[in-house]
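In the UniProt record's numbering, the protein residues as written are 1 to 361.
The C-beta atom is built at its ideal place from N, Cα and C for all residues, glycine as well.
Just so it is clear, the structure is predicted and the values come from calculations on it, not from any experiment.
What follows is one structure encoded as structure tokens, with my remarks underneath.
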């Protein structure tokens, strides 16, 4: 009874610590390390992944404990394709946690003679592997997998440890799920705040890779003739613009498109990627009159596309550092562009440039 009470106390303590993890950057310290200690594992890892209809695996957020960074990166790059545990997890459709050992799903005599074992397991002192995999019931379509490892000289994982992992599974899955979602939420909220402050009164809409509206302020939804988020846009020109931004590949460059020529509504589209690697599109909309006047002045100055982006950011009140962060360039590059912009506009400083821009507004 005393030993059972001690194990129960240890389990509750670890579950509490796991569920208290507030940031993905501390998942190794607050989740993987204590779970590995509780299960008497030398190393551990976490991976979020998606499986395409063609069977291709794409990873999202990942973390590892006591695994060399180079080894972890090598696994994510190519070794995973030969891992029997990953193959089993990628085929599973179970929304409840599934706990298993690699020895239960593969011929270990054959595995230990494989290229995968000798190129990855052996150099990283991995032989016994216990896994918890789960496909959460959500619209994300991802799978979460936790792996715990022991070296060849240690004893295999037993049914006792499998039951321990099963007891930890709900806390592990819940914590990892919330932390992955939190990262995406933070990126979106930061972008919303930046655009709303830079372009007050303009429209702002976020689209996922399926052209579904995931966020829209009142102006942006009105410009797209939509009542609320959740629907798919039916504007072919905007869909083409989104695909074009993916081909461009430079996240700082925007693609302009007419949404409604009759109403004079134009949009600029940029691509960003969430922490799990999936693209999403930021659509900034406004009426042609404002944009046309700005474009006229930029054409008069013969500004390059990048200089136009910087000038627009200046007009929105952003500092050089903020412009650099938004356009993913260095502050020095911003300064070099500003010197060119000032020379083309015939001014010496920012206030003079903004004054000339405002003459047309």
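Cβ atoms of residue 254 and residue 269 come within 8 Å of each other, at about 6 Å. With fewer than 16 other Cβ atoms from the protein chains shown falling within 10 Å of its own Cβ, residue 193 counts as exposed. Linking residue 332 to residue 38 through their CA atoms gives a straight-line distance of about 50 Å. Excluding five sequence positions before and after residue 111, the CB atoms of its chain that fall closer than 6 Å to its own CB belong to 117, given in chain order.
Of the candidates 42, 216, 158 and 243, 158 places its Cα closest to the Cα of residue 99.
For residue 242, the enclosing alpha helix (DSSP H) has its first and last residue at 236 to 248.
Residue 168 has its alpha-carbon roughly 13 Å from the corresponding atom of residue 148.
Assigned with DSSP and collapsed to three states, residue 45 falls in strand.
DSSP places residue 133 within a strand segment (E or B) once states are collapsed to three.
In the DSSP assignment, residue 218 falls within the alpha helix (DSSP H) that extends over 218 to 223.
Beta-bridge partners of residue 331 (DSSP): none assigned. Here DSSP, grouped into helix, strand and coil, assigns residue 101 to strand.
Each residue's CA atom was taken as its position, placing residue 96 and residue 27 some 21 Å apart. Cβ contact annotation for residue 132 (same chain, cutoff 6 Å, sequence separation greater than five): 97, 99, 146, 165 and 169, in chain order. The residue from 86, 239, 20 and 310 with its alpha-carbon nearest to that of residue 144 is 86. A straight line joining the alpha-carbon of residue 50 with that of residue 73 spans about 17 Å.
Taking C-beta atoms under 8 Å as the contact rule, residue 44 and residue 36 qualify, at a distance of about 4 Å. In the three-state scheme derived from DSSP, where H, G and I count as helix and E and B as strand, residue 54 is classed as coil.
Taking 8 Å as the cut-off, the beta carbon of residue 283 is found closer than this to the beta carbon of residue 205.
Taking 8 Å as the upper bound for CB-CB distance, residue 344 and residue 314 are not in contact here, some 14 Å apart. Look at residue 93 here: in three-state DSSP terms it is coil, with no helix or strand label. Secondary structure at residue 17: helix, using DSSP grouped into helix, strand and coil.
For residue 284, the enclosing beta strand (DSSP E) has its first and last residue at 279 to 287. If you draw a 10 Å sphere on the C-beta of residue 285, you find 16 or more other C-beta atoms in it, and that means buried.
Contact between the region 233 to 240 and the region 207 to 223 is present, with at least three C-beta pairs closer than 8 Å. Judged by DSSP secondary structure, residue 316 falls outside any alpha helix (DSSP H); it is assigned neither H nor E.
DSSP places residue 120 outside any beta strand (DSSP E), giving it a letter other than H or E. Taking C-beta atoms under 8 Å as the contact rule, residue 15 and residue 191 fail to qualify, at a distance of about 34 Å. Secondary structure note for residue 24: it is in no alpha helix (DSSP H), with a DSSP letter that is neither H nor E.
In this structure, residue 80 and residue 57 form a Cβ contact; the two beta carbons are roughly 7 Å apart against a cut-off of 8 Å. In this structure, residue 125 sits away from residue 156, with a CB-CB distance that is not shorter than 8 Å. Residue 310 sits in a helix when the DSSP states are folded into three classes. For residue 70, the enclosing alpha helix (DSSP H) has its first and last residue at 69 to 77. Residue 246 counts as exposed, since fewer than 16 other beta carbons sit within 10 angstroms of its beta carbon. Collapsing the DSSP output to three states places residue 347 in coil.
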